[in-house]
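Engineer: Residue numbers (our numbering), protein chains in the order written: chain F, 50 to 452; chain U, 239 to 671; chain E, -9 to 221.
Below you will find the structure I want to go over with you.
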Amino acid sequence: MDFIPIISTLRRHRATALLVILEIAFTCAIVCNAVFLIRERLANMNRPSGVAEEEVVQVILTGIGQKADPDVITRQDLVALRSIPGVKAVVSTNQIPFGGSAWTTSISTIADDPNAPVHVARYLGGGGIVRTFGLHLVAGRDFSSTEIVEARRVDETPTPCVIITQALAERMFPGEAALGKGIYMGKTRVPIIGIVERLERPNEFGGLSERGLAIITPEEISYTEGSNYILRVDPAQRAAVISAIEPTLRGVDPNRLILDRLPFGDVRQKYFKQDRAMAWLLGVVVITLLVVTALGVVGLASFWVQQRTRQIGVRRALGATRGDILRYFQTENFILATAGIVLGMVLAYAINMWMMDKYQVGRLPASFLPIGAGLLWLLGQIAVLGPALRASAIPPAIATRSV
Amino acid sequence: MFAYDLDLARRSLRRNPGLTLLMIVAIGFGVGASMTTLTVLHVLSADPIPGKSQKLHNVQLDPREADGYIMGQEPANQLTRSDAEALLRDHKADRQAIMTGGSVAVEPQRPGLSPLRIRGRWTSTEFFPMFDVPFLTGSGWTADDDTAHARVAVISKPLAEKLFGSIDVVGFTMRMESTEIRVIGVIDDWHPEPHFFDLSMGAYNVNEQLYVPWTTSRDLKLGHDGEMTCWGEEKGDQLDAGAPCIWIQYWVELASDAKAAAYYDYLVNYSLEQFRKGRYRRPPNVRLRTVTDWLDSENVVPSDAKLQTWVALSFLVVCLVNTVGLLLTKFLRRSAEIGVRRALGASRGAIFTQLLVEASMIGVGGGAFGLLLAWLGLWAVRHQPTNYSALAELDLPMLGATFAIALGSSLLAGVFPAWRGCQIAPALQLKSH
Amino acid sequence: MLQMKDVSKVYRTEMVETHAVRDLTLEVRAGEFVAVTGPSGSGKTTFLNIAGLLEDLSGGEYKLDGVDVKGLDDRTRSKLRNEKIGFVFQSFNLIPDLNLFDNVDVPLRYRKLARGERHKRIETALERVGLASRKRHYPAELSGGQQQRVAIARAIAGEPTLLLADEPTGNLDSQMAREVMQLLEDLNAQGTIVVIVTHDPEIAARAHRNIHIVDGVASDVERAPSLSQAV
């Protein structure tokens, strides 16, 4: 198929050709970025938390009025909850991955670091965090019973040791083994006795660069300060456990508010609702955009066919087959689509770079190029099929008719 | 002439209903998507307290450590307790209020109701006049109440109805965190969006129901909700007067620019004084921002809302390009008729206007359809589980904006096709070539 | 009324320069009925387009009713066209989705006339061509001859000084052609200048005067006495 005569014909209908090219280009740019955003959001929503999600249940509670011995009540609570059939472990703590509100602290590799300490999420909970969350230790060990600091002694006892996440180990001691080294909280050096594979933070306020940076310290915390009891349960008995929580806690001390009991799946669901909504919106936009563009191509192609009815008749009279006419229009569309795709890809990457700067998204992967191109080529060809078939049906007798 | 053009436009659009519908739908989708996201953005960036937003100022100081200080960086976004209480004692502004938020347990007296967790604000007497808080019954507390650590509270209408079943409850007592508190005022539905005076609890849908004097709240050791940042060695109670922690907001009302400048100087002097005393480790770094500037500097509008708006607007652009193409084909198909009209004496301007009127009719149709889609879109947003979803409603300005955008974009789309149409030579195309 | 002196029109494409008319000099005076003849490609159509202000001239001078048209802007040309010239085309060129009344209305709309005045003129024009009773009908419901008569009504509704007709009987059978020619002669008798472009010698014979254009150049040809006797 000769491209040159087709291109020169298109140059004489510059305006409409340009419109098709622009439309395909914009659609390409928007669809590529939208699909990429959807992918990023979905990946974000599905990223693992590090905890045993099927088994973890969060209880949020608060006391009423000042308590005389909150740590005593806490201990009683934990014993009572542990005795519910199906509960494997319990801990009183201050936060949970994807929980929303966070406790953070600054740590560093050197004492009294004046510059850029690392902000990490700090999980408290005596010795129970690793076991109850179901975290996976990749190096070292969990806290021993002598290292646990009781709630009432927290103010006077320095943190004896710390467990950190693998992400944090790689950030602070790149390429080295972190076990045995120490982190500095202010002036105090705290030795690292264990590294867990992953423990996500409750929220993303530190941005992408601070993702996954967390430490666990062995101080106990009572429920009035931490507001969280985390249970690790047998998944088969989860429903029964959840319904037993409130009566059990009331049995220990009725004078408080149990605000929520959530299986971890619900915690995750709540946290990522924004991402879900965004993914939906983008999905709708992508589909509508493709439909609108396809219809636009159909409209313009039909117009061209109508304008060139006479020429088509003449060509047929001179010996072109129906297939020749069909192929002519499909080739023409292919050329326009190619121009549109090239322009669109440039636009797509430009938009992506702008979004990387303003909205913290990743870089558009190169694989989008062939996939996006293929999709738009296909769309164009399908859209032009109707008008092209109509063109091929034009009878050669048109050539001899006047006016 | 306009009526004639309208009539011609109507006929022309009716001749090819499929194409007309396609163009209306395309513009409608673009307009609908754009208006949905723009309305959300408009609602999120609205002035929460019009009329006073230029008189109310937020105070920012910088009591943090010397480490990590860079010249010109933003100061802390909240105050320490000792700074806030000192400013309150000095009382240098027309009006001022110390405040922070917390959650407490409230036990209804009515039998059969379990305790509720209520969000409250611990503040001082001038809060109510400063923010024009509307009272249904009773009033706020006085400066004497503040000094006396009075056990009083102002509650919201929903809380009054929940606790007592009525709003005529001034003088009634309620049980809060195991303490008896006397209700001295009930306020009407009042929740400025965004919750500008304390953004650390989230910017929208904060729903505070209870107001207690600051001094009282410290007596009763009521808890704190929101952001708290501490520095230095961690020891002692973070809520104590001397703790190196920022968790308190401080707002002042200043009637004129001159007074604002004077107060700014006062803050600088205060910081210098603290620096000399050794409490502050950084040179004076203060901000005194109006409500609008404060919301701006805190980037209140969620980035997702902005991103969605960009997506919708670029969608509109594609729909416009689409419409340009379709209008072009529509007009060029009528070259014969246009040629005749030109031959019969229509100037290029007359044809241009005629075609543009036709494009604007599409705009009106697209605007109506877009309005319907925007209404549906906002309905969907209201059912999204975000904090600001309840606010997503079309108000009158946005309604007008819908038609303005639809009409404007269809006119814009129509300019090139109308220009091409009016370039058609008079009657030259009537003879077959 | 219509004065052309040394008018030329050049069409330029990338490759070729075509002189459609060159040194065209002719004059049409008030009350005349002129036929412009010549073989196809001779420049008759170009002459018509220039005379009717549909195209601009490349060189020379053209005065219409004393007004020099060179360099006039589009607005003025359109106005002149609208007020002074009536067109009748070979393929009628009525607007299909307007009825007869609205079709005749079209040129009047570009003239800022009051509604009553417009309606009066339309009625008058349609009566002159004998189609007033069918004013609400659409062109598709009419025969070729009737359509052409409507086109003539449209051309005269504005009371132009000059009527330009391009092969007005080209698409009509002989009976209808006679009717249309009769109508044009009646109009001429009532004072309108009529210029018909035609290649049909029988049509040309009915005019007072013929102008013959060959290869872009005009020459006046008085009607041969033999033909005038035949009519």
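Where a beta carbon is used, it is the ideal one built from N, C-alpha and C, also for glycine.
Values in this document were obtained by computation on a predicted structure and should not be read as measured data.
Within 8 Å of any Cβ in chain F, is that where the Cβ of U:ASN560 sits?
Structural biologist: Judged by the 8 Å Cβ criterion, U:ASN560 is in contact with chain F.
Engineer: Is it right to say E:PRO208 is buried, meaning 16 or more other beta carbons lie within 10 angstroms of its own, or is it exposed?
Structural biologist: Inspection of the sequence shows that residue 208 of chain E is occupied by Ala rather than by Pro. Counting Cβ neighbours within 10 Å, E:ALA208 comes out buried, since at least 16 surround it.
Engineer: Please check the pair F:ILE156 and F:PRO166, which I expect to be a contact at CB under 8 Å, by giving their CB distance rounded to whole angstroms.
Structural biologist: Between F:PRO166 and F:ILE156 the Cβ distance is about 6 Å, and since that is below 8 Å, they are a contact.
Engineer: Which residues, in order along the region 147 to 162 of chain E, keep a beta-carbon less than 7 Å from a beta-carbon of chain U?
Structural biologist: Within the region 147 to 162 of chain E, no residue qualifies.
Engineer: Using only alpha-carbon positions, find the residue among E:ALA194, E:ILE85 and E:ASP176 that is nearest to U:ARG249.
Structural biologist: Cα-wise, what sits closest to U:ARG249 is E:ILE85.
Engineer: Taking Cβ-Cβ distances shorter than 8 Å, what residues in chain U pair up with E:PHE77?
Structural biologist: Going along chain U in sequence order, the residues near E:PHE77 (Cβ under 8 Å) are ALA581, LEU582 and ALA665.
Engineer: Is the shortest distance between the beta-carbon of F:TYR453 and the beta-carbons of chain U less than 8 Å?
Structural biologist: What is shown of chain F runs 50 to 452, which leaves residue 453 of chain F out entirely.
Engineer: To which residues does DSSP link U:GLN487 through a beta bridge?
Structural biologist: Answer is U:MET337, bridged to U:GLN487.
Engineer: Do F:ASN401 and F:ASN82 have their beta-carbon atoms positioned less than 8 Å apart in this structure?
Structural biologist: For F:ASN82 and F:ASN401, yes; Cβs fall inside 8 Å.
Engineer: Find the nearest neighbour of U:ARG519 within the set U:TYR488, U:PRO482, U:LEU533 and U:PRO540, judged by alpha-carbon distance.
Structural biologist: Residue U:PRO482 is the option with its Cα nearest to U:ARG519.
Engineer: Three or more C-beta pairs under 8 Å: does that hold for the region 308 to 326 of chain U against the region 340 to 355 of chain U?
Structural biologist: No, the region 308 to 326 of chain U is not in contact with the region 340 to 355 of chain U.
Engineer: Using only the alpha-carbon positions, how far apart do F:ASP120 and F:SER132 sit?
Structural biologist: Computed Cα separation, rounded: 19 Å.
Engineer: From the DSSP secondary-structure annotation, give me the bridge partner or partners of F:ILE213.
Structural biologist: F:ILE213 is bridged to F:ILE244 and F:ILE264.
Engineer: Do U:SER598 and U:SER648 have their C-beta atoms within less than 8 Å of each other?
Structural biologist: Against a cut-off of 8 Å, the Cβ pair of U:SER648 and U:SER598 comes out as a contact.
Engineer: Check F:ARG364 in the structure and name its three-state DSSP category.
Structural biologist: Looking at F:ARG364 - three-state DSSP - the assignment turns out to be helix.
Engineer: With 8 Å set as the bound, which would you pick, yes or no: does the beta-carbon of U:VAL653 sit closer than that to a beta-carbon of chain E?
Structural biologist: It does not; no Cβ of chain E falls within 8 Å.
Engineer: Given that U:THR417 touches chain B, what residues does it touch there, using C-beta distances under 8 Å?
Structural biologist: Absence of chain B from the displayed structure is noted, the protein chains being F, U and E.
Engineer: Thinking F:LEU173 and F:THR266 are a contact (beta carbons under 8 Å), I'd like their distance in whole angstroms, please.
Structural biologist: Indeed, because the Cβ distance is near 6 Å, the residues count as touching under 8 Å.
Engineer: Against chain U, with Cβ distances strictly below 8 Å, would F:TYR398 count as a contact?
Structural biologist: No, F:TYR398 does not count as interfacial toward chain U.
Engineer: Since E:PRO97 meets chain U, which of its residues come closer than 7 Å, beta carbon to beta carbon?
Structural biologist: Near E:PRO97 (Cβ distances below 7 Å), the residues of chain U are LEU582 and GLY583.
Engineer: Using alpha carbons as the reference points, say which of F:ILE213, F:GLU219 and F:TRP426 lies closest to F:PRO240.
Structural biologist: Comparing Cα positions, the closest option is F:ILE213.
Engineer: Quick one: what's got a C-beta closer than 7 Å to U:LEU231's C-beta in the same chain, skipping five residues either side?
Structural biologist: This structure gives no information on residue 231 of chain U, because the portion of chain U shown stretches from 239 to 671.
Engineer: Give a yes or no on contact between the region 418 to 430 of chain U and the region 268 to 276 of chain U, applying the rule of three or more CB pairs nearer than 8 Å.
Structural biologist: Contact fails: fewer than three Cβ-Cβ distances are below 8 Å.
Engineer: Are there 16 or more other CB atoms within 10 angstroms of the CB of E:ARG302, so buried, or fewer, so exposed?
Structural biologist: No answer is possible for residue 302 of chain E: it lies beyond the span of chain E, which begins at -9 and ends at 221.
Engineer: Do we get a CB-CB distance below 8 Å when we pair E:GLN136 with the residues of chain U?
Structural biologist: Judged by the 8 Å Cβ criterion, E:GLN136 is not in contact with chain U.
Engineer: Could you check which residue in U:ALA386, U:HIS462, U:MET368 and U:PHE513 has the C-alpha nearest to that of U:ILE287?
Structural biologist: Checked all of U:ALA386, U:HIS462, U:MET368 and U:PHE513; the closest Cα to U:ILE287 is U:MET368.
Engineer: Return no unless some Cβ of chain F is closer than 8 Å to the Cβ of U:CYS557.
Structural biologist: By this cut-off, U:CYS557 is an interface position.
Engineer: Nearest chain E C-beta to U:ARG586 closer than 8 Å, yes or no?
Structural biologist: Yes, U:ARG586 lies at the interface with chain E (some Cβ there is under 8 Å from its Cβ).
Engineer: Just how far apart, CA to CA, sit U:ASP531 and U:PRO372?
Structural biologist: Rounded to the nearest angstrom, the two C-alpha atoms are 25 Å apart.
Engineer: Report yes or no: is there a C-beta of chain U within less than 8 Å of the C-beta of E:ASN200?
Structural biologist: For E:ASN200, the answer is no, since every Cβ of chain U falls outside 8 Å of its Cβ.
Engineer: Checking contacts by CB at 8 Å: is U:LEU564 closer than that to chain F?
Structural biologist: Yes, because at least one Cβ of chain F sits closer than 8 Å to the Cβ of U:LEU564.
Engineer: With a CB to CB cut of under 6 Å and the five nearest residues on each side skipped, what residues in its chain are close to U:ASP672?
Structural biologist: The structure shown has nothing for residue 672 of chain U, since chain U only spans 239 to 671.
Engineer: Please report how far the alpha carbon of U:GLY608 lies from the alpha carbon of U:THR640, in whole angstroms.
Structural biologist: Roughly 7 Å between the two C-alpha positions.
Engineer: Based on the DSSP secondary-structure assignment, which residues constitute the bridge partners of F:ILE279?
Structural biologist: According to DSSP, F:ILE279 bridges with F:GLN107 and F:VAL140.
Engineer: Are F:ILE70 and F:LEU396 closer than 8 Å when you measure CB to CB?
Structural biologist: No. Outside cutoff.
Engineer: On the criterion of 16 or more Cβ atoms from any shown chain inside 10 Å, does E:VAL221 qualify as buried, or is it exposed?
Structural biologist: Here the model assigns E:VAL221 a pLDDT of 43, short of 50, so the residue's position is not dependable, and the following value carries that caveat. By the neighbour-count rule (16 or more Cβ atoms within 10 Å), E:VAL221 is not buried but exposed.
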